[in-house]
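Peer 1: Residue numbers for the sequence shown, in the working numbering: 7 to 299.
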Amino acid sequence: MRNFKSHFVFSRAQRNGIFLLVLVIVGLQCLCFYLDFSSSSMHENEYSVNFQSYTNEVDSLRHVKQVDKPKIYPFNPNFITDYKGSILGMSNKEIDRLLAFRKENKWINSAKQFQDVTHISDSLLNTMVPFFKFPEWAVKSKPKKEVNYESSSTTKTYAQKLDLNTATSQQLQKVNGIGKVLSERIVKYRNGFIGGFIADVQLQDVYGLTPEVIERITNEFTVKTPRRIQKVALNIATVENLVTIQHIDYDLAYQIVEQRQLREGYESLDELTKVKGFPINKIEIIKLYLSLD
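1) Identify whether Asp-257 lies in helix, strand or coil by the three-state DSSP scheme.
2) With Lys-99 as the anchor, note down where its alpha helix (DSSP H) starts and where it stops.
3) On the DSSP letters alone, give me the boundaries of the alpha helix (DSSP H) that Arg-196 sits inside.
4) Alpha carbons only, please: which of Ile-24, Leu-296, Asp-276 and Arg-222 is nearest the one belonging to Thr-250?
5) Quick check on this structure: which residue in Ile-223, Met-134, Gln-35 and Ile-200 has the alpha carbon closest to the alpha carbon of Gly-185?
6) Count the other CB atoms, across all protein chains shown, that sit within 10 Å of the CB of Arg-234; report buried if there are 16 or more and exposed otherwise.
7) Going by alpha carbons, who is nearest to Gln-261 out of Glu-270, Cys-38, Val-245 and Val-238?
8) Ends of the alpha helix (DSSP H) at Ala-117?
9) Are three or more beta carbon pairs between the stretch 206 to 226 and the stretch 167 to 180 nearer than 8 Å?
10) With distances taken Cα to Cα, identify the nearest neighbour of Asn-84 among Gln-58, Ile-93 and Thr-124.
11) Just reading off the alpha helix (DSSP H) that Pro-217 is part of, what are its end residues?
12) What number of angstroms, rounded off, separates the C-alpha of Ala-173 from the C-alpha of Tyr-195?
13) Where does the unbroken alpha helix (DSSP H) through Ile-292 begin, and where does it stop?
14) Skipping 5 residues on each side, what residues in its chain have a beta carbon closer than 6 Å to that of Leu-188?
15) Following the continuous alpha helix (DSSP H) through Tyr-89, name the residue where it begins and the one where it ends.
16) Along the chain, where does the alpha helix (DSSP H) that runs through Gln-166 open and close?
17) Give the DSSP bridge partners of Phe-81, in chain order.
18) Give the secondary structure of Val-238 by DSSP, where H, G and I count as helix, E and B as strand, and everything else as coil.
19) Would you kindly report the start and end of the unbroken alpha helix (DSSP H) that includes Glu-277?
20) Compare the beta carbon distance of Phe-140 and Phe-81 with 8 Å and say whether it is the shorter of the two.
21) Comparing C-alpha positions only, which one of Gly-95, Cys-38 and Ile-114 sits nearest to Asn-132?
22) Look up Leu-298 in the DSSP assignment and give the residues it is bridged to.
23) Are the CB atoms of Ile-291 and Gln-252 nearer to each other than 8 Å?
24) Would you call the stretch 264 to 284 and the stretch 198 to 217 touching, i.e. three or more CB-CB distances under 8 Å?
25) Take Arg-191 as the anchor and find which of Lys-112, Ala-117 and Ser-129 has the nearest alpha-carbon.
26) What are the boundary residues of the alpha helix (DSSP H) that includes Leu-178?
27) Alpha carbon to alpha carbon, how far is Gly-283 from Ala-259?
28) Does Lys-280 pass the burial test, meaning 16 or more other C-beta atoms within 10 Å, or should it be called exposed?
29) Given a cut-off of 8 Å, decide if Gly-183 and Val-135 are closer than it, judged by their beta-carbon atoms.
30) What did DSSP end up calling Ile-262 once you bin it into helix, strand or coil?
31) In the DSSP assignment, the alpha helix (DSSP H) including Leu-209 goes from what residue to what residue?
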């Protein structure tokens with residue numbers, strides 16, 4: 007039994023080895039701890055720097071956007087260009103409708119008429135209306151009186167009235183509210199049609215004529231020699247037929263044909279006012295070119 011050797015009895019060299027091993031293990035653990043902490047801190051700092059850089063870039067872009075946004079000044083909607091329209095938020099179709107309307111030498115006199123022509127949404131119209139600036143004669147309720155005119159307060163008979171299709175600029179200037187500019191504009195618009203006006207109602211398309219002035223004109227003049235036209239049969243007309251009519255574009259023509267199919271034909275021309283996007287204020291002019299036959 008005296009020769010039995012305990013496993014817990016170590017020599018001096020063994021104890022030194024064990025102590026050294028413990029020191030190495032403790033040192034490695036400390037080293038790993040500090041390395042992990044340093045690495046985590048570095049990643050944290052890097053994330054903070056990247057986030058701050060991203061925030062600064064976003065703020066910079068937002069500032070540039072605010073600076074580059076063009077300032078809108080009051081304007082006459084009759085002279086909106088493609089570029090101006092895009093800035094205001096109009097679509098290409100809406101701009102094209104306006105340009106086509108103006109190309110016919112017709113003018114817009116109110117915000118409602120602008121929407122009727124372009125078919126823009128109510129929300130977009132509300133953002134644009136504050137910047138609309140029409141000429142004074144277009145917004146005043148009463149036109150300026152001309153110095154030289156002859157007008158009668160009594161309604162003339164058909165025989166007493168002059169033919170609107172042959173009236174001269176000088177004759178038109180005798181009407182209260184018609185000066186040189188408006189009289190020449192009426193003659194120019196009339197002569198744009200081969201054969202002149204079809205009916206008195208077409209005066210509504212002459213830019214600058216208010217309902218009051220038109221009433222005075224038709225008290226002195228009326229269409230006695232109307233232009234002859236071939237009316238379009240509404241219930242069999244194609245889209246191509248309909249777009250030849252004033253105030254009807256392709257979009258409206260498609261809507262008219264679609265409604266005709268749903269209704270199985272129109273029974274009255276006035277039913278057109280139920281078509282989506284139809285310019286109700288132009289119904290009497292459009293009816294001049296249509297028939298139900």
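In this text, a Cβ means the ideal position worked out from N, Cα and C, and glycines have one as well.
Remember, it's a predicted structure, so these values are computed and weren't measured experimentally.
Peer 2: So, from the listed chains and residues:
1) Sequence index remark: in the sequence shown, residue 257 carries index 251 (1-based). DSSP places Asp-257 in the helix class (H, G or I) of the three-state scheme.
2) Stepping through the sequence shown from its first residue, residue 99 is reached at position 93. Lys-99 -> alpha helix (DSSP H) spans 98 to 109.
3) As a working note, residue 196 is residue 190 in the sequence shown. 186 to 197 is the span of the alpha helix (DSSP H), which, as asked, contains Arg-196.
4) Here residue 250 refers to the residue found at position 244 of the sequence shown. With distances taken between Cα atoms, Thr-250 lies closest to Leu-296.
5) Along the sequence shown, one-based indexing puts residue 185 at 179. Comparing Cα positions, the closest option is Ile-223.
6) Along the sequence shown, read from residue 1 onward, the residue named residue 234 stands at position 228. Around the beta carbon of Arg-234, fewer than 16 other beta carbons sit within 10 angstroms, so the residue counts as exposed.
7) Within the sequence shown, residue 261 is the residue found at index 255, counting from 1. Among Glu-270, Cys-38, Val-245 and Val-238, the Cα nearest to that of Gln-261 belongs to Val-245.
8) Counted from its first residue, the sequence shown places residue 117 at position 111. 117 to 124 is the span of the alpha helix (DSSP H), which, as asked, contains Ala-117.
9) Proximity of the stretch 206 to 226 to the stretch 167 to 180 meets the contact definition, three or more beta-carbon pairs being nearer than 8 Å.
10) Along the sequence shown, one-based indexing puts residue 84 at 78. The residue from Gln-58, Ile-93 and Thr-124 with its alpha-carbon nearest to that of Asn-84 is Thr-124.
11) For the purposes of this step, residue 217 is identified with residue 211 of the sequence shown, where counting begins at 1. From DSSP, the alpha helix (DSSP H) with Pro-217 extends over 217 to 226.
12) The residue given as residue 173 occupies position 167 in the sequence shown. The residue given as residue 195 occupies position 189 in the sequence shown. The straight-line gap separating the alpha-carbon atoms of Ala-173 and Tyr-195 is approximately 13 Å.
13) As a first step, residue 292 is located in the sequence shown; it is residue number 286 there, counting from the start. Counting along the chain, the alpha helix (DSSP H) containing Ile-292 begins and ends at 289 to 293.
14) For the purposes of this step, residue 188 is taken as the residue at position 182 of the sequence shown. Closer than 6 Å at the Cβ level, and outside the excluded window around Leu-188, lie Gly-214.
15) As a first step, residue 89 must be located in the sequence shown, where it is residue number 83. Run containing Tyr-89: 88 to 94, per the alpha helix (DSSP H) assignment.
16) Here the question's residue 166 lines up with position 160 in the sequence shown. Counting along the chain, Gln-166 falls outside any alpha helix (DSSP H), and DSSP gives it neither H nor E.
17) As a working note, residue 81 is residue 75 in the sequence shown. In the DSSP output, where bridge partners are listed per residue, Phe-81 has Phe-138.
18) The residue you call residue 238 lines up with position 232 of the sequence shown. DSSP, reduced to helix, strand and coil, places Val-238 within a strand of the structure shown.
19) On the sequence shown, position 271 is the one that residue 277 refers to. For Glu-277, there is no enclosing alpha helix (DSSP H), as DSSP marks it with neither H nor E.
20) Numbered from 1 along the sequence shown, position 134 holds the residue referred to as residue 140. Numbered from 1 along the sequence shown, position 75 holds the residue referred to as residue 81. In this structure, Phe-140 keeps its C-beta atom at 8 Å or more from the C-beta atom of Phe-81.
21) Taking the sequence shown and counting its residues from 1, the one referred to as residue 132 is at position 126. For the set Gly-95, Cys-38 and Ile-114, the Cα lying nearest the Cα of Asn-132 is the one of Gly-95.
22) Along the sequence shown, one-based indexing puts residue 298 at 292. Beta-bridge pairing by DSSP links Leu-298 to no other residue.
23) Counting from 1 along the sequence shown, the entry for residue 291 is found at position 285. Counting from 1 along the sequence shown, the entry for residue 252 is found at position 246. Taking 8 Å as the Cβ cut-off, Ile-291 and Gln-252 qualify as a contacting pair.
24) These segments do not touch.
25) Against the sequence shown, residue 191 aligns to sequence position 185. Answer by Cα proximity: Lys-112.
26) Within the sequence shown, numbered from 1, the residue matching residue 178 stands at position 172. 175 to 178 is the span of the alpha helix (DSSP H), which, as asked, contains Leu-178.
27) Reading the sequence shown from its first residue, position 277 is the one you call residue 283. Reading the sequence shown from its first residue, position 253 is the one you call residue 259. Gly-283 and Ala-259 have their C-alpha atoms roughly 10 Å apart.
28) Numbered from 1 along the sequence shown, position 274 holds the residue referred to as residue 280. Taking all protein chains in view, the Cβ of Lys-280 is surrounded by fewer than 16 other Cβ atoms within 10 Å, so the residue is classified as exposed.
29) The count along the sequence shown starts at 1 and reaches residue 135 at position 129. The count along the sequence shown starts at 1 and reaches residue 183 at position 177. Cβ atoms of Val-135 and Gly-183: not closer than 8 Å.
30) Position 256 of the sequence shown, counted from the start, is the residue given in the question as residue 262. Here Ile-262 sits in helix by DSSP.
31) Working through the sequence shown from its first residue, we reach residue 209 at position 203. Where Leu-209 is concerned, there is no enclosing alpha helix (DSSP H), given that its DSSP letter is neither H nor E.
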